[in-house]
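For the record, the sequence lines run as chains S and L.
The first sequence: position 372 = 376 (our numbering), numbered continuously.
The second sequence: position 74 = 80 (our numbering), numbered continuously.
Glycine is no exception: its CB is placed at the ideal position from the N, C-alpha and C atoms.
Just so you know, these numbers come straight off a predicted model, no measurement behind them.
Notes to accompany the following structure.
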Amino acid sequence: MDDEFEVLIIGAGPAGISAAIALARAGVEVVVLERGEYPGAKNVYGGIMFTHQLLKLLPDCLDEAPFERKVTRRRFGALAGDREVALDVKVGHWRDKPYNHTMTALRGRSDRWFAEQAEAEGAQVFAGFMVSELIVEDGRVVGVKVKPGDDEMRAKVVISGEGAQAFLARQVGLMAPRLPQRHMITNVKEVIGLPKEKIEDRFLLEDGEGVAMEYFGEPVKGLFGMGFVYTNEESVSIGLGLTVHDLMTSKETLNDHLEYFKNLPTIRKLIEGGESLEYAAHMIPEYGYNHVPKLSMPGLLLVGDTAGFVNGSLYHEGTNLAMGSGLMAAETIIEAKEAGHDIGSAEALVPYRQKLENSFVLKDMKKFRKAPDFFNNKPHILRDYPPNVTQWIEDYFTISETPKSEVERNIVNKVKKDIGLFRLVKDMIGVGRSVR
Amino acid sequence: MTNNNPKSIEDKLGLLQYRTDEGNSHISVDQEKFKADPIKAILFACPAKVYEEDEKTGECLINYENCVECGTCHVVAPEYVNWFYPEGGKGVHYRYG
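What follows is the structure, encoded as structure tokens:
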């Protein structure tokens, strides 16, 4: 076929564009199809760009990339009523390059810039084209159907970076036909405009520094999910997410949950006086290592969210796993081409999974493989611990004439009553095991 | 709160830009199965109020032009919600993301 491309990539997100840059640079003919009007127009996430894989591709890009702030402070808070108990980590030298590989970014700008880098390397990026179907012949993906127009495009290999919905991966049976309600998390987010100085004063930041704050407990009323606040240059991204299962149990809309979170006494002041710029919703596929789909078939590789490459745990990494998987997909194809193999054959694509297993992508997901099922099976952990633990700590710091020894005895009695010592130990071991 | 700070979902959707595919919905619902569902979770689980129940007929009204393309609805009710992406270039158009 004379109009057959070597590689066709679906989706101009971090995964697809990383693959496109690496492939184009190695002289592989590559075309990217993006359904948005421009790359980034459909792309939503919480707000952190983890950059260590990006820097492998574009080592000097941090000065020119249209990112927002260097994250020098991370905060993990348990909220209950009007109480907050937090782990607050601030490291001064994270403001020095490469900024702990953690920057806030708004995808409408940053994904567009990233796709331009792929074009500069010689990849062709076509925006406004939605892939509706994979074309399979004799058990091999040989191309795609595109809308508008019902045109067909053929390629030796298709890389699907379609995103969390993974319609195409499900179409060809690499995943179960239905997405799992306990592992798909729906997030809503508002971007709220605030002046730069106000953000830096409110969040105790030097010029250009940012913060990533994540909240458990009250924001999602003890369900499986969390709230977040991330600072951009002149806006704050605030949002929360819940598994579809728990969203259905809650019987409330995500906008109601979000308004509740925004108006908590511990949160309200952070966004006060701001102007809402955009509301967005998006899903995160937190399947975990044990439920990762089959990653390839002849003529097809899955990258990024399509394959569920998300490190849920406390790290909440996604963009770096997406970029890493895109890079390894490209490497797999480049090596097959150099060896003179048919780059879409089953044998040529086998090393992809092994590369991922040998890298942070699947190693990290493997380390935390028990966490998604653990928290789903033990809903009392997220429901009962934030209110109780913060209460014990409030009691400990309450000043009165009650002798401290009595205060401590009372707290121990409360622990016994609220959770039980045996259960507390058992839960702690369980949490420990789920992240080991 | 001022207008700068919308609370209702209607006002928040008003902040968004859309390239609506007029007359061409990317969503369909099996009405009989919807009516038979005692919970009808899509009515509240959709974060963009796409689905509403017609009080007279009990049918599901589909405001597809509101859709923010998260895909929650077909994870909630795969038995009767048929949701797919709008055509290329159509649908919600995020500026910040």
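What do you get for residue i, buried or exposed, if any count of 16 or more other CB atoms within 10 angstroms of its CB means buried?
i       : result
P43(S)  : buried
Q57(S)  : buried
A350(S) : exposed
M179(S) : buried
P44(L)  : exposed
A42(L)  : exposed
R440(S) : exposed
K101(S) : exposed
L208(S) : exposed
E450(S) : Because chain S is modelled from 5 through 440, residue 450(S) falls outside the range shown and cannot be assessed.
H97(S)  : exposed
H320(S) : buried
V429(S) : exposed
Rounded to the nearest angstrom, what separates residue i and residue j at their Cα positions?
i       : j       : result
E218(S) : E120(S) : 32 Å
F232(S) : G424(S) : 30 Å
D388(S) : S317(S) : 19 Å
P184(S) : V81(L)  : 7 Å
A84(S)  : P390(S) : 6 Å
I397(S) : R87(S)  : 10 Å
K420(S) : K18(L)  : 45 Å
V307(S) : V354(S) : 14 Å
M7(L)   : I415(S) : Per-residue confidence for M7(L) stands at a pLDDT of 44, beneath the threshold of 50, marking its modelled position as unreliable; no derived number is given.
V300(S) : V93(S)  : With the sequence shown as reference, residue 300(S) is identified as Ser, and Val is not the correct amino acid for it. Going by the C-alpha atoms only, they are around 39 Å apart.
S164(S) : A333(S) : 10 Å
A16(S)  : K408(S) : 59 Å
F40(L)  : A90(S)  : 44 Å
D399(S) : R413(S) : 11 Å
Y86(L)  : A168(S) : 20 Å
E28(L)  : T257(S) : 27 Å
R437(S) : K374(S) : 8 Å
I347(S) : V146(S) : 12 Å
I403(S) : P269(S) : 22 Å
G344(S) : A352(S) : 10 Å
Q395(S) : F220(S) : 15 Å
V95(S)  : G245(S) : 27 Å
Going by DSSP, which residues form a beta bridge with residue i?
i       : result
K74(S)  : M107(S) and E213(S)
K193(S) : G243(S) and A284(S)
H99(L)  : Q23(L)
P289(S) : M188(S)
Q128(S) : V35(S)
Using C-beta distances below 7 Å, list every residue in its chain close to residue i, excluding the 5 sequence neighbours before and after it, in chain order.
i       : result
A122(S) : I21, A24, I25, A28, V36 and V129
V314(S) : I288, P289, E290, G322 and L325
C52(L)  : T78 and C79
Would you please state the rounded distance, in angstroms, between the beta carbons of residue i and residue j? I believe it to be under 8 Å.
i       : j       : result
D309(S) : P289(S) : 6 Å
A454(S) : I52(S)  : Beyond the ends of chain S as shown, which are 5 and 440, falls residue 454(S); an answer cannot be given.
F364(S) : G312(S) : Wrong, their Cβ atoms sit about 15 Å apart, outside the cutoff.
V150(S) : I139(S) : Between I139(S) and V150(S) the Cβ distance is about 11 Å, and since that is not below 8 Å, they are no contact.
C73(L)  : I33(L)  : 7 Å
V48(S)  : R116(S) : Contact doesn't hold; Cβ gap of about 14 Å is too wide.
S99(S)  : E210(S) : According to the sequence displayed, residue 99(S) carries Arg and not Ser. The Cβ separation is near 7 Å, so the contact holds.
Closer than 6 Å by C-beta to residue i: which residues in its own chain qualify, once you throw out the five before and the five after it? Chain order, please.
i       : result
E279(S) : G197
H105(S) : F54, T55 and H56
M5(S)   : Residue placement at M5(S) is poorly supported in this model, since its pLDDT is 44, which falls under 50; the coordinates still yield a value, given next. Within the same chain, M5(S) has close Cβ partners R158.
Y57(L)  : I48, L49 and C66
R182(S) : none
N69(L)  : V56
A285(S) : V192
Residues in its own chain within less than 8 Å of residue i by CB, not counting five upstream and five downstream?
i       : result
G277(S) : L198 and K202
R113(S) : G44 and P70
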